[in-house]
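Going by this note's numbering, the final residue of the sequence shown carries number 1197, and the count climbs one at a time with no gaps. Where is the CB? At the ideal position from N, CA and C, for every residue including glycine. Please read these numbers as outputs of a predicted model, since none were measured by experiment.
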Amino acid sequence: MKIAHCMGCNQCWLKTPGICAIKDDYEKIIKKLVETENLWIVSDTRFGFLDYKGKRVMDRIMPMLNMTVCFRDGWMRHKLRYHALNIGLLYKGAADQAMMEDWCKRTAANIGGQSLGAIALDPQSAISSEARESPVMPGPIKHLVIINGSPRMAKFSNTDKIIHSFVKGLEETGITWELHNLSNRKEWDAAREAFLTHEHILIAFPLYVECIPSMMLEFLGTLPSERKQPAQLSFLLHGGMDEGNEFRFCERILQGLPEQLGCSYGGTLIKGGSFGIRTREDAVKAKIVAPYEKMGRMFAQSGNFFIPEAKKFTGPEQYPWLARKMVSLLFMKKVNQGFEDFAKSWGCTRPLEDKTYC
Ligand SMILES: Cc1cc2nc3c(=O)[nH]c(=O)nc-3n(C[C@H](O)[C@H](O)[C@H](O)COP(=O)(O)O)c2cc1C
840 MKIAHCMGCN QCWLKTPGIC AIKDDYEKII KKLVETENLW IVSDTRFGFL
890 DYKGKRVMDR IMPMLNMTVC FRDGWMRHKL RYHALNIGLL YKGAADQAMM
940 EDWCKRTAAN IGGQSLGAIA LDPQSAISSE ARESPVMPGP IKHLVIINGS
990 PRMAKFSNTD KIIHSFVKGL EETGITWELH NLSNRKEWDA AREAFLTHEH
1040 ILIAFPLYVE CIPSMMLEFL GTLPSERKQP AQLSFLLHGG MDEGNEFRFC
1090 ERILQGLPEQ LGCSYGGTLI KGGSFGIRTR EDAVKAKIVA PYEKMGRMFA
1140 QSGNFFIPEA KKFTGPEQYP WLARKMVSLL FMKKVNQGFE DFAKSWGCTR
1190 PLEDKTYC
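The following block contains the structure:
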C-alpha cells in the first residue's frame, strides 16, 4: 500500500476529528480498524526495532484516538475514538525479543488494548551479543551538529523551540552549531554530510508511539554503519506526556543506536510535557523552554548527558496516586476544554470525539 509518514499536523485531532489530512491508502486501514479488535503488524526490523515502514503504520494510527486526555490504568492517555485495539507484531530480522514484546504492551496500552505478543519470524537472527569494537571517543566539543528529527515543519515544531533555547546555553560557552531539519527532505543530503564529517552530533526529536518517528528512522537508515573519524552521538528526546516512564523504551533503543552508526553514545536528555509549546503565546513559550538553556550550558561543559542534572531534568517517572486524583478532579476538564477551544480556532466544526467512520 502507499502509506506516507505521519507529519504531526494534528488535523486528525483538531481540525477534522478522526480524518487524516494525508490522502493515501491508510484511510482503508483506519476503516478496517474501526471494525476490528486486533491489529497484527508484519514488519522488517532495523536498529533492533521495527523498520521505518512498519513504524509508520503505527504512527498513522492517531485518528483512532482523540485529542482529549484521561487517566487509564494509572497513566495519562488520550481517549479512544472508537474502541480498544489489541496489538501483535510479526517481525523479521534482528531484534531483542523482550524489547519487541515490551513495545507491543506499551503501544496496545495506549489504545486501551492488550499485547497479542511479538513473534520472531526468523528467531536465529536475534540481536547478536557479540560485542563490536567500541567506537573511539572524539575530543571536546567545539562545534555541534544538531538534527531536528521531527516530521513536523520546522517553523511549527516544538523541537525547534526547544533547540533554540538549548543553543543559547551552548553559545555562552563559545561552542558553534548548525541545524538541519528532517521534515524537509531537501535538507537530508546536508544533514547526512554534516553527520559524517563532524565529531559531535545531537539529534533532537519528539516521541512518536513510544519510539522514534518513522521519518527519522528512514533517515537513520540512509547513514552508513561505519565512519572514518570518531564521533559522539547524543539525543534530546521529548514528548507530549509528562512522566519519565513514557520515554524509557525509546531510551533503550537510543542506547544501542550510536554503535550501529559507528559513533559513541553521549546520553539522552529526556523531558515530557512538550505538547502545544508552539501554540502558546511567546512569553509562555519562552518560559516552558527556558530550562533547556541551562541544559545546553551543562552539555557544553560536560560533553555529554551522563550528568546528575540531566537525570533530574526528566522529572517524576509516574505521578503519585494523589496527584493523579487532583489533576483528574481539578484540571482535566479545563485541559480538555482548552483543546476544544483550540480546535475551534482552527475552524473545527465537529466534536473532538466524533466517531467519524461509524
Ligand atoms: C504520531 C504521533 C505520535 C505521538 N506519540 C507520542 C507518545 O507515544 N508519547 C508522547 O508523550 N507523545 C507523543 N506524541 C506527542 C509529541 O511527542 C509531542 O506533541 C511533541 O511536542 C511534538 O514535537 P514536534 O512539534 O517537534 O513534532 C505523538 C505525536 C504524534 C503526532
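Beta-bridge partners of Glu911, as assigned by DSSP: Walking along the sequence shown from the start, residue 911 turns up at place 72. Inspection of the sequence shows that residue 911 is occupied by Arg rather than by Glu. Paired residues: Trp914.
Checklist entry - Cβ-heavy atom distance between Arg1091 and ligand 1 below 7 Å? => result Start at 1 with the first residue of the sequence shown, and residue 1091 comes out as number 252. No, the beta carbon of Arg1091 sits no closer than 7 Å to any heavy atom of ligand 1.
**Report entry** Distance CB(Pro1052)-CB(Pro1147) smaller than 8 Å
**Finding:** Locating residue 1052 in the sequence shown gives position 213, counting from the first residue. Locating residue 1147 in the sequence shown gives position 308, counting from the first residue. Contact flag unset, no.
Should Ser1228 and Leu1041 be called a contact, given that it needs their Cβ atoms to be closer than 8 Å?
What the structure shows of the chain is the stretch from 840 to 1197, and residue 1228 is not part of that stretch, so it cannot be assessed.
- Query: Roughly how many whole angstroms lie between the Cα atoms of Thr1036 and Pro1063?
  - Reply: Taking the sequence shown and counting its residues from 1, one reaches residue 1036 at position 197. Taking the sequence shown and counting its residues from 1, one reaches residue 1063 at position 224. So the alpha carbons of these two residues sit roughly 12 Å apart.
ask   = Looking at the unbroken alpha helix (DSSP H) that takes in Gly893, where does it start and where does it end?
value = Position 54 of the sequence shown, counting from 1, holds the residue named residue 893. Tyr891 to Asp898 is the span of the alpha helix (DSSP H), which, as asked, contains Gly893.
Handout entry: Cβ distance (whole Å) where Met903 is taken to contact Tyr921 below 8 Å
Key = Here residue 903 corresponds to residue number 64 of the sequence shown, with the count starting at 1. Here residue 921 corresponds to residue number 82 of the sequence shown, with the count starting at 1. The C-beta distance from Met903 to Tyr921 rounds to 6 Å, short enough to fall under 8 Å.
(message) On the criterion of 16 or more Cβ atoms from any shown chain inside 10 Å, does Cys909 qualify as buried, or is it exposed?
(response) To locate residue 909, count along the sequence shown from 1; it is residue 70. By the neighbour-count criterion, in which a residue is buried when 16 or more other Cβ atoms sit within 10 angstroms of its Cβ, Cys909 is exposed.
At a cut-off of 7 Å, would you count Tyr921 as near ligand 1, judging by its Cβ distance to the nearest heavy atom? Looking up residue 921 in the sequence shown gives position 82. Proximity of the beta carbon of Tyr921 to ligand 1 is not indicated: no heavy atom of the ligand is located closer than 7 Å.
Closest residue to Asp941 among Lys841, Val1048 and Ile842 (Cα-Cα distance): Here residue 941 refers to the residue found at position 102 of the sequence shown. Per the C-alpha coordinates, the member of Lys841, Val1048 and Ile842 positioned closest to Asp941 is Val1048.
Notebook entry, point to check: Is Thr1188 near ligand 1, with its Cβ less than 7 Å from a heavy atom?
Noted result: Numbered from 1 along the sequence shown, position 349 holds the residue referred to as residue 1188. For Thr1188, the CB stays at least 7 Å from every heavy atom of ligand 1.
Let me know the beta strand (DSSP E) ranges lying completely inside the segment 1062-1090, each 3 residues or longer, listed in chain order. Unbroken beta strand (DSSP E) stretches of 3 residues or longer found wholly inside the segment 1062-1090: 1071-1077, given in chain order.
- State yes or no: is the C-beta of Tyr1047 nearer than 7 Å to some heavy atom of ligand 1? The residue labelled residue 1047 in the question sits at position 208 within the sequence shown. Under cutoff, so the answer is yes.
Is the closest heavy atom of ligand 1 to the C-beta of Thr1012 under 7 Å? Numbered from its first residue, the sequence shown carries residue 1012 at position 173. No, since every heavy atom of ligand 1 falls outside the 7 Å radius drawn around the Cβ of Thr1012.
field: Counterpart residues of Cys845 in DSSP-defined beta bridges
entry: If you number the sequence shown from 1, residue 845 lands on position 6. Note: Cys845 sits in no beta bridge, so no partner.
inquiry  = For the segment 1020-1037 against the segment 1151-1162, do three or more pairs of beta-carbon atoms, one drawn from each stretch, fall closer than 8 Å, so that the two count as touching?
reply    = Too few Cβ pairs lie closer than 8 Å, so no.
Does the distance from the CB of Ala907 to the CB of Asn1084 come in under 8 Å?
Position 68 of the sequence shown, counted from the first residue, corresponds to residue 907. Position 245 of the sequence shown, counted from the first residue, corresponds to residue 1084. According to the sequence provided, residue 907 is Thr. The question's Ala does not apply to it. The answer is no: Cβ separation not under 8 Å.
Quiz item: Can you find a heavy atom of ligand 1 that lies under 7 Å from the Cβ of Asp898?
Solution: Here residue 898 refers to the residue found at position 59 when the sequence shown is read from its first residue. At least one heavy atom of ligand 1 is nearer than 7 Å to the Cβ of Asp898, so yes.
What distance in whole Å lies between the Cβ atoms of Lys1124 and Lys1000, which are believed to be in contact at a cut-off of 8 Å? As a first step, residue 1000 is located in the sequence shown; it is residue number 161 there, counting from the start. As a first step, residue 1124 is located in the sequence shown; it is residue number 285 there, counting from the start. That pair is a contact at about 6 Å.
According to DSSP, is Asn987 part of a helix, a strand, or is it coil?
Translated into the one-based positions of the sequence shown, residue 987 becomes position 148. Of the three classes helix, strand and coil, the one that applies to Asn987 here is strand, per DSSP.
Grouping DSSP H, G and I as helix and E and B as strand, with all else coil, what is Gln1157?
Stepping through the sequence shown from its first residue, residue 1157 is reached at position 318. In this structure, Gln1157 counts as coil in the three-state DSSP scheme.
Delimiting residues of the alpha helix (DSSP H) encompassing His1003: What you label residue 1003 is simply residue 164 of the sequence shown in a count that begins at 1. For His1003, the uninterrupted alpha helix (DSSP H) run begins and ends at Asn997 to Glu1011, by DSSP.
Q) Which class does Pro1130 belong to by DSSP, given the choice of helix, strand or coil? A) The sequence position of residue 1130 within the sequence shown is 291, counting from 1. Residue state, collapsed to three classes: helix.
For Val975, which of His1039, Ile842 and Ala1129 has the nearest alpha-carbon? The residue you call residue 975 lines up with position 136 of the sequence shown. When each option's Cα is compared against that of Val975, the closest is His1039.
Exercise for review: Whole angstroms is fine: what's the gap from Asn1143's alpha carbon to Thr1107's?
Suggested key: Taking the first residue of the sequence shown as 1, we reach residue 1143 at position 304. Taking the first residue of the sequence shown as 1, we reach residue 1107 at position 268. The straight-line gap from Cα to Cα measures roughly 8 Å.
Could you tell me whether the Cβ atoms of Ile980 and Ala1139 are closer together than 8 Å?
-> Along the sequence shown, one-based indexing puts residue 980 at 141. Along the sequence shown, one-based indexing puts residue 1139 at 300. Taking the C-beta atoms as reference points, Ala1139 is found nearer than 8 Å to Ile980.
Review point. So Arg899 and Tyr865 are in contact, right, with Cβ under 8 Å, and what is the actual spacing, rounded?
Key: Numbered from its first residue, the sequence shown carries residue 899 at position 60. Numbered from its first residue, the sequence shown carries residue 865 at position 26. Right, their Cβ atoms sit about 5 Å apart.
Name the DSSP beta bridge partners of Gly951, please? On the sequence shown, position 112 is the one that residue 951 refers to. Answer by DSSP bridge pairing, in chain order: Leu924.
Exercise. Got a sec: does ligand 1 put a non-hydrogen atom nearer than 7 Å to the Cβ of Glu1179?
Worked result: On the sequence shown, residue 1179 is found 340 positions in, with the first residue counted as 1. Answer for Glu1179: no, Cβ out of range of ligand 1.
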